[in-house]
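Chemist: In the working numbering, the protein residues as written are 5 to 106. Virtual Cβ for every residue (Gly too), placed ideally from N, Cα, C. Here it is: the structure, laid out below.
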């Protein structure tokens, strides 16, 4: 499978990892796989940001604490990855890996 040009960095690496693990005859929805890889990259970047900057931030002059926005981005990325994983599992041939539910 040819790597879509839009995938860069971590998303591109994830694509290569997934494609390496599946049966070459497996037919996957390329758009769903791209989205999955992009969500994976966003999750990694968000968690790295939280690790570097902390979960809690402070705002303005009063220093009111709030959750780092990257925490929400990481959580949203995981939710999207789960939905995309399910969709990929349903669209892939049953014997394919890593999207097989068997």
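Could you tell me the boundaries of the alpha helix (DSSP H) in which residue 51 lies?
Modeler: 34-57
Chemist: Let me confirm a value: residue 52 is counted as buried when at least 16 other C-beta atoms fall within 10 Å, else exposed. Which label applies?
Modeler: exposed
Chemist: Give the secondary structure of residue 65 by DSSP, where H, G and I count as helix, E and B as strand, and everything else as coil.
Modeler: coil
Chemist: With 16 as the cutoff for other CB atoms within 10 Å, does residue 40 come out buried or exposed?
Modeler: buried
Chemist: So, with DSSP's three-state summary, where would you put residue 82?
Modeler: helix
Chemist: Would you call residue 59 buried or exposed, if buried means 16 or more other Cβ atoms sit within 10 Å of its Cβ?
Modeler: exposed
Chemist: For residue 1, count neighbouring C-beta atoms within 10 Å of its own C-beta (all shown protein chains included) and say buried if the count is 16 or more, exposed if not.
Modeler: Beyond the ends of the chain as shown, which are 5 and 106, falls residue 1; an answer cannot be given.
Chemist: Considering only their Cβ atoms, is the gap separating residue 11 from residue 92 smaller than 8 angstroms?
Modeler: no
Chemist: Which one or two residues does DSSP pair with residue 31 in a beta bridge?
Modeler: DSSP output for residue 31 lists no bridge partner at all.
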